[in-house]
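Peer 1: In full-length UniProt numbering, the protein residues as written are 1 to 500.
1) Starting from residue 22, trace the alpha helix (DSSP H) in both directions and tell me its first and last residue.
2) Taking contact to mean 3 or more Cβ pairs, one atom from each stretch, closer than 8 Å, check whether the segment 230-242 and the segment 169-178 are in contact.
3) My understanding is that residue 112 touches residue 167, with C-beta atoms under 8 Å, so please give their C-beta distance in whole angstroms.
4) Return the residue from the list 341, 312, 187 and 292 that minimises the CA-CA distance to residue 152.
5) Inspect the beta-carbon positions of residue 324 and residue 421 and report whether they are closer than 9 Å.
6) Grouping DSSP H, G and I as helix and E and B as strand, with all else coil, what is residue 9?
7) List the residues that DSSP assigns as beta-bridge partners of residue 425.
8) Which ranges would you report for the beta strand (DSSP E) in the segment 275-313 if only whole runs of at least 3 residues count?
9) Can you tell me whether residue 257 is buried or exposed? The criterion is at least 16 other CB atoms within 10 Å of its CB, across all chains shown.
10) Output the boundary residues of the alpha helix (DSSP H) element that contains residue 171.
11) Can you tell me which of the three DSSP states residue 36 falls into?
12) Could you tell me if residue 308 is buried or exposed, where buried requires 16 or more neighbouring beta carbons within 10 angstroms of its beta carbon?
13) State yes or no: is the C-beta of residue 436 within less than 9 Å of the C-beta of residue 407?
14) Check for me: the alpha helix (DSSP H) holding residue 460 runs from which residue to which?
15) I need the DSSP call for residue 365, collapsed to helix, strand or coil.
16) Taking only the alpha-carbon atoms, compute the straight-line gap between residue 461 and residue 49 and give it to the nearest angstrom.
17) For residue 231, collect the residues of the same chain with a Cβ closer than 8 Å to its Cβ; drop the 5 residues on either side in sequence, then sort them by chain order.
18) From this set, 492, 135, 341 and 303, which residue's C-alpha is nearest residue 381's C-alpha?
19) Compare the C-beta of residue 420 against all C-beta atoms of chain D and say whether one is closer than 9 Å.
20) Using the three-state DSSP reduction, which class does residue 410 fall into: helix, strand or coil?
21) Output yes or no for whether 9 Å exceeds the beta carbon distance between residue 294 and residue 418.
22) From the DSSP output, in three-state form, read off residue 223 for me.
23) Using the rule of at least 16 other Cβ atoms within 10 Å of the residue's Cβ for burial, across every protein chain shown, is residue 70 buried or exposed?
24) Nearest-angstrom Cα distance between residue 443 and residue 428?
25) Straight-line CA distance for residue 21 to residue 57?
26) Under a Cβ-count criterion, where at least 16 other Cβ atoms within 10 Å of its own Cβ denotes burial, should residue 490 be classed as buried or exposed?
27) Helix, strand or coil for residue 478? Go by DSSP, reduced to three states.
28) Just how far apart, CA to CA, sit residue 347 and residue 297?
29) Do residue 226 and residue 260 count as a contact pair if the criterion is CB distance below 9 Å?
30) So for residue 228, helix, strand or coil by DSSP?
31) Quick one: what's got a C-beta closer than 6 Å to residue 416's C-beta in the same chain, skipping five residues either side?
32) Measuring straight from C-alpha to C-alpha, what distance separates residue 366 and residue 389?
33) Are residue 404 and residue 327 touching if we call contact CB-CB under 9 Å?
34) Going by beta carbon distance, what residues of the same chain come within less than 7 Å of residue 228, once the five residues before and after it are set aside?
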């Protein structure tokens, strides 16, 4: 082997053809010259690494006789010279069990690492080949580095944690486009890509396509309109590979303004696509999926008109729900003791503000004095018991009555239509779910100051940005007019995008 005159044999029990390969590795150096009966040698990754190791050793030895003599001496010298000794490890345990136990816990190479090894394997020993190899390695590292940007990567994938090596996504897209088989087995992507990398010409074509896929995704990400609209489609389970494939052969303008628009129409399609009038009839509980999609699209279209960007990283790595702008129920909030005190303190201030704001038909002013007295009484009692961790039964009952009384004052209309719904993360929703509008408004501001991600349209709703005629006396509650104005803004913005 390797013209060293060293004779040794080895056989891997689970790889019966390994002995045949190791007897004459030169025979398998060029896959084009291998007999069809031996083609299966190249199907397993074990043989790939055997060939790679053999090539590396052969290139290192080259025509260097000095190196060859040193190697021969290590295996053939007598004990007066340096030599290699073999330690015989004898055990009474079952050898298969022992081997598995010794190798347990080792981290297997993933598809991306296997592909990189194949890609950077030198076909020829020359300066041009070495420079090209260095160039490929730099391109690989550059793309992998760019994909480490969580905002970029989460724009493309549903779960960023499912990728140990993020560049694998590009090869998965390539696989989905060009492979006829399902990705239903381990290392399916690597095995398919490997067939492309074995031939010099197809190897270069494959690598150029991978770079093109990356650059296309990067251009989508860098453009606000494509970022938000394609990001929306991907959230709605559109195929990333399918979008890339459709983008080929089209101008960027046609793809974005025609193809993407049609796909958004399909995702938002309701009973009447022409004027979206039926959006008004969709209700929470019966049409949550449709409502959530519409509110999300409304956010996307709103972000396009600003210098800000929606965070798909935060969105995809948290649970998001439809939040009622005016609370949908007045049952006693199941919240910690400190939150009860905060709820009462906030309610006290809101009731005082409402009392001073003047008459307004949507507020039951007659109930404010008695409710305020009740809230203040319980608040003072709980403040005196600051060391307590929870309410006793009587306090829980009284707190429930306070909640009911406050909600009676600030009644809302059409609780379950889109005019009373916005988007919030589950964590924020839980903390806001049993608060009246003014309290939610205050806490949204606090969350933003703490650095929490609040979607643009959610923020705008609680600032009453969509209300056409601002009325200072209505600042503390979500009125029927507020709801209608908000609903009309949603319909108008989506209508303008889809049908203009």
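Ideal placement from N, C-alpha and C gives every residue a C-beta, glycine not left out.
Peer 2: Walking through what the data contain:
1) Per DSSP, residue 22 belongs to the alpha helix (DSSP H) from 18-23.
2) The segment 230-242 makes contact with the segment 169-178; the number of CB pairs closer than 8 Å reaches 3 or more.
3) Taking 8 Å as the upper bound for CB-CB distance, residue 112 and residue 167 are in contact here, some 6 Å apart.
4) When C-alpha distances from residue 152 are compared across 341, 312, 187 and 292, the shortest belongs to 312.
5) Less than 9 Å separates the beta-carbon of residue 324 from that of residue 421.
6) Residue 9 carries a coil assignment under DSSP once its states are collapsed to helix, strand and coil.
7) For residue 425, the pairing in a beta bridge is given by DSSP as 320.
8) Listed in chain order, the beta strand (DSSP E) runs fully inside the segment 275-313 amount to none, counting runs of at least 3 residues.
9) Residue 257 comes out exposed.
10) Start and end: 168-178.
11) Note that residue 36 scores a pLDDT of 48, beneath 50, so its modelled location is shaky; the value from the coordinates is reported in the next line. It is helical.
12) Exposed.
13) Pairing residue 436 with residue 407 gives a Cβ-Cβ distance under 9 Å.
14) Residues 456-462.
15) Look at residue 365 here: in three-state DSSP terms it is helix.
16) Between residue 461 and residue 49, the C-alpha separation is close to 60 Å.
17) Excluding sequence neighbours, residue 231 sits near 155, 300, 310 and 312.
18) Ranking the options by Cα distance to residue 381, first place goes to 341.
19) Any reference to chain D falls outside this structure, which holds one protein chain only.
20) DSSP places residue 410 in strand when its eight states are reduced to three.
21) Yes, they are a contact pair.
22) Residue 223: coil per DSSP, three-state reduction.
23) Burial call: exposed.
24) Rounded to whole angstroms, residue 443 and residue 428 show a C-alpha spacing of 9 Å.
25) Looking at the backbone, the Cα of residue 21 and that of residue 57 are separated by about 16 Å.
26) Within a 10 Å sphere around the beta-carbon of residue 490 sit 16 or more other beta-carbons, which makes this residue buried.
27) Here residue 478 sits in coil by DSSP.
28) Between the alpha carbons of residue 347 and residue 297 lies a gap of roughly 34 Å.
29) Contact: yes.
30) Shown here, residue 228 sits in a helix according to DSSP, grouped into three states.
31) Here the set comprises 283 and 284.
32) One C-alpha to the other measures close to 34 Å.
33) Taking 9 Å as the Cβ cut-off, residue 404 and residue 327 do not qualify as a contacting pair.
34) Excluding its 5 nearest sequence neighbours in each direction, residue 228 has C-beta neighbours in its own chain below 7 Å: 300, 303, 304 and 310, listed in chain order.
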